[in-house]
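To start, the structure itself, in structure tokens.
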RNA sequence: CGGGGCGUGGCGUAGUCCGGUAGCGCACUCGGCUGGGGGCCGAGGGGUCGCAGGUUCAAAUCCUGUCGCCCCGACCA
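Residue numbers (this note's numbering): 921 to 1408.
Okay, structure coming up:
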């Protein structure tokens, strides 16, 4: 078999690129740092969207849409926020082109009076709108989400993980009380955790970011952190408690029950197409993409095998029966009857594309009332009866979904260590993985560790590892262990 | 912004050092044999070698400039 995908062990980042290429998830675009998301990739995103959107609706949120362009002046309203995003904003300065001899150029006469920023995130324009919507406590809470694209002018990009333009959702909520806004922030964090585990089969650690990793403009940034196969951590989603920062910056007040005018409390939360990168690096192998059934564009592919027209017909009829039953059970299935490819070729292709279950049907199977069923995740093949196939395959899909999570969790656990010795930390961080250790809570120590080991504090975990101890670097007291890793 | 690499049919590349008919694999078209893990044989079509200058009888190859992309680091989701 011609090997088109680099082995993970040889070159992990080349492997990652090869998987994306072979699974036809995305292409590099003519513009540096941007990507074309191909149908296979976009279909995964659509599945993610559908599941998340349902979860958002179930927790009381509504979708809305705010503009792509933000007046430059808005960005300067919240001091921390400006600082965080100023260096990576695309700025629109002109409104038209004009024809010249060999093409077009910017028409200098079309210079804008106020330049526009292509949104790197929408807090500012949304809070500007909220000011007009909120007067009374009766107008609260506002629970809005938007599905959108954003642009961040990144220096270094990587397909799905960090592109200059990416797709995401951003929730923006406004509340009458601090407690309610904090509860919202934590609730959405939990939604993300649930989604990552139940749909992506990607276990995550939840926690709160240190000041240096906090979202610009937030009081607290909560996150879900996943561990990739190469031992690097990936921030897979964030949920921010914004306090009254944006309410103050955009003068959003409400009159409370007690008649007092008060600033509104806020949260924002988001996940992006980066999740697809996380999905790839959590499950895929040297043969290509491996997808959890709940997010697979096609859950079952049926490949017919035949030598002549007679066999072809018999197989097709048999397959049609199976496909009807699978569809009836709510399973998405594709019949791959392309004439121009041989079965072996199709097997390899569907494997590269991560189709969770492959069913091969040949004359022998028709004869014996069987199916050959192969699992993408374990590459196991077995023969099972046509009778009850829809049920048994539905069950198999569930098994695959569950076992993928179990395996990923086991891998994460095996790559997670605890240490009290900085010497030990420096040594073991080389192997990748998560390390729980004590930290004195200062930015100086955090920076020192980063400089010496390239590891950062991924989060301060919410529940676990709360026992007090002493900072592994300075020996100063520490209330709890924090989670370290090298990260994407 | 630093370091490295690469631009040659749709894709992947050889050729570049040492200038002289642009080659190979995959894909594509046609015909046939095939078909339970990326099949085989035969016949075809397709490239102004990233771009712009220069040197030369002659440039993918040498010189100058320029554009772009990828990878690795520093910054970020």
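Positions of the beta carbon are idealized from the N, C-alpha and C atoms, including for glycine.
Comparing C-alpha positions only, which one of the options sits nearest to residue i?
{"i": "residue 963", "options": "1096, 1336, 1215 and 1352", "result": "1215"}
{"i": "residue 1220", "options": "1296, 1083, 1203 and 1160", "result": "1296"}
{"i": "residue 1035", "options": "990, 1102, 979 and 1242", "result": "990"}
{"i": "residue 1235", "options": "1096, 1222 and 1188", "result": "1222"}
{"i": "residue 1121", "options": "1127, 1129 and 1112", "result": "1112"}
{"i": "residue 1145", "options": "1246, 1136, 1156 and 1137", "result": "1156"}
{"i": "residue 1205", "options": "1275, 1051 and 1286", "result": "1275"}
{"i": "residue 935", "options": "1375, 1038, 1191 and 1197", "result": "1197"}
{"i": "residue 1139", "options": "1400, 1152, 1187 and 1110", "result": "1187"}
{"i": "residue 1351", "options": "1147, 1248 and 1364", "result": "1147"}
{"i": "residue 1004", "options": "988, 1065 and 1073", "result": "1073"}
{"i": "residue 1457", "options": "1149, 1018, 1189 and 1407", "result": "Because the chain spans 921 through 1408 in this model, residue 1457 falls outside it and cannot be assessed."}
{"i": "residue 1109", "options": "1101, 1118, 1126 and 1119", "result": "1126"}
{"i": "residue 1262", "options": "1280, 1249 and 1246", "result": "1280"}
{"i": "residue 967", "options": "995, 1213 and 1056", "result": "1213"}
{"i": "residue 959", "options": "1195, 1273, 1049 and 1026", "result": "1273"}
{"i": "residue 1088", "options": "1075, 1042, 1114 and 1050", "result": "1042"}
What does DSSP give as the partner residue(s) for residue i in the beta ladder?
{"i": "residue 1163", "result": "1186"}
{"i": "residue 1041", "result": "According to DSSP, which records beta bridges pairwise, residue 1041 is partnered with nothing at all."}
{"i": "residue 1140", "result": "1161"}
{"i": "residue 1095", "result": "1185"}
{"i": "residue 1255", "result": "1222"}
{"i": "residue 1175", "result": "1056 and 1181"}
{"i": "residue 1088", "result": "1068 and 1192"}
{"i": "residue 1147", "result": "1153"}
{"i": "residue 955", "result": "948"}
Would you say the beta carbon of residue i comes nearer than 7 Å to a heavy atom of the ligand SAH?
{"i": "residue 1137", "result": "As presented, the structure is devoid of all ligands, the ligand SAH included, so that no description of it is given."}
Check whether the Cβ atoms of residue i and residue j sit closer than 8 Å, and answer yes or no.
{"i": "residue 1193", "j": "residue 1086", "result": "yes"}
{"i": "residue 1095", "j": "residue 1061", "result": "yes"}
{"i": "residue 1107", "j": "residue 979", "result": "yes"}
{"i": "residue 1093", "j": "residue 1104", "result": "yes"}
{"i": "residue 1068", "j": "residue 1090", "result": "yes"}
{"i": "residue 1225", "j": "residue 1151", "result": "no"}
{"i": "residue 1277", "j": "residue 1254", "result": "no"}
{"i": "residue 1010", "j": "residue 939", "result": "no"}
{"i": "residue 1209", "j": "residue 943", "result": "yes"}
{"i": "residue 976", "j": "residue 1065", "result": "yes"}
{"i": "residue 1211", "j": "residue 1309", "result": "no"}
**Prompt:** Quick one: any contact between the stretch 1348 to 1362 and the stretch 1390 to 1405, if contact means 3 or more CB pairs under 8 Å?
**Reply:** yes
**Asked** Counting only runs that start and end within the stretch 1177 to 1244, where is the beta strand (DSSP E) found for 3 or more residues in a row?
**Response** 1181 to 1183, 1185 to 1192 and 1220 to 1224
**Prompt:** Taking contact to mean at least 3 C-beta pairs separated by less than 8 Å, is the stretch 1157 to 1172 in contact with the stretch 1283 to 1293?
**Reply:** no
**Message:** I'd like to know if the stretch 1023 to 1031 and the stretch 946 to 963 are in contact, where contact means that at least 3 CB-CB pairs between them fall below 8 Å.
**Reply:** no
**Asked** Okay, do the stretch 1173 to 1190 and the stretch 1369 to 1383 touch, 3+ Cβ pairs below 8 Å being the bar?
**Response** Segments in contact, no.
**Prompt:** In chain order, which continuous runs of the alpha helix (DSSP H) of length 4 or greater are located wholly inside the stretch 993 to 1070?
**Reply:** DSSP runs (the alpha helix (DSSP H)) wholly in the stretch 993 to 1070: 999 to 1005 and 1043 to 1053.
**Prompt:** Can you list, in chain order, the stretches of the alpha helix (DSSP H) that have 4 or more residues and sit fully within the stretch 1257 to 1338?
**Reply:** 1263 to 1272, 1283 to 1288 and 1309 to 1334
**Request:** Go through the stretch 1106 to 1132 residue by residue and report every complete run of the beta strand (DSSP E) that reaches 3 residues or more, in order.
**Result:** Correct list: 1125 to 1128.
**Prompt:** At a cut of 8 Å, does the stretch 1311 to 1321 reach the stretch 1244 to 1251 through at least three beta carbon pairs?
**Reply:** yes
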